[in-house]
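Take a look at the structure set out below.
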């Protein structure tokens with residue numbers, strides 16, 4: 069199983085050998101360091117923990133500094149569940165060379181935050197008619213309950229905070245790998261803003 073941390077850079081059109089243009093996203097993966105390997109016998113589950121990026125010591129707690137002692141000061145620490153954690157050891161490094169062109173990957177991240185939005189933008193409601201007695205209610209939600217139950221049902225789609233959710237996109241294909249600069253090009257789009265943290269792992273187990 070292949071896995072690594074990276075950040076979203078930008079999107080553009082990628083023209084393949086067949087001459088067809090497809091949407092593609094450029095990811096910066098840099099170098100990650102394994103900070104801890106957890107075993108089922110000792111910790112109850114198989115996990116490989118890794119650190120990515122750098123951060124000033126003043127912005128990292130003493131506990132985390134002690135945990136990653138002699139390995140570096142990392143901006144992000146994340147865990148990946150694996151079947152055989154013993155295949156890795158503390159201090160190992162990973163970079164873009166881990167992936168090859170044609171690999172299918174699953175990418176997880178946090179979607180763009182949209183703030184407080186109404187039902188038309190948030191849920192795709194069509195809204196009310198624009199005429200025939202309507203006044204300033206084209207984008208209203210309409211009725212949210214019935215007379216009989218005397219309450220609003222749980223799960224009713226209503227206005228609220230939109231975005232900022234954890235999103236996982238499967239079936240993305242690696243289109244290019246630049247090991248010198250630590251870049252990976254994948255097909256399609258991935259969640260988040262530019263610079264968003266992403267968890268990248270191979271889809272095949």
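Residue numbers (the working numbering): 69 to 273.
Using N, Cα and C, we set each Cβ at its ideal position, and we do this for glycine too.
{"Asked": "Using 8 Å for Cβ pairs, my map puts residue 177 next to residue 258. What's the rounded Cβ distance?", "Found": "6 Å"}
{"Asked": "Cβ of residue 92 within 7 Å of Cβ of residue 265?", "Found": "no"}
{"Asked": "Do three or more CB pairs link the stretch 148-159 to the stretch 225-239 at distances below 8 Å?", "Found": "no"}
{"Asked": "I think residue 261 touches residue 175, with their Cβ atoms under 8 Å apart; what is that distance to the nearest whole Å?", "Found": "The Cβ separation is near 14 Å, so there is no contact."}
{"Asked": "Using 8 Å for Cβ pairs, my map puts residue 118 next to residue 102. What's the rounded Cβ distance?", "Found": "5 Å"}
{"Asked": "State the Cα-Cα distance for the pair residue 256 and residue 201, rounded to the nearest angstrom.", "Found": "45 Å"}
{"Asked": "Anyone know if the C-beta pair for residue 172 and residue 224 falls short of 7 Å?", "Found": "no"}
{"Asked": "Say whether the stretch 158-166 touches the stretch 245-253, bearing in mind that this needs 3 or more beta-carbon pairs closer than 8 Å, one atom from each stretch.", "Found": "yes"}
{"Asked": "Less than 7 Å separating the beta-carbons of residue 153 and residue 122?", "Found": "no"}
{"Asked": "Between which two residues does the beta strand (DSSP E) harbouring residue 201 extend?", "Found": "Looking at the DSSP string, residue 201 is not in any beta strand (DSSP E), and its letter there is neither H nor E."}
{"Asked": "Please give me, in chain order, every unbroken run of the alpha helix (DSSP H) with length at least 4 that falls completely inside the stretch 169-194.", "Found": "187-191"}
{"Asked": "Looking only at C-alpha atoms, which of 94, 71 and 87 sits nearest to residue 80?", "Found": "94"}
{"Asked": "So, is residue 157 buried or exposed, given that buried needs 16 or more other C-beta atoms within 10 angstroms?", "Found": "exposed"}
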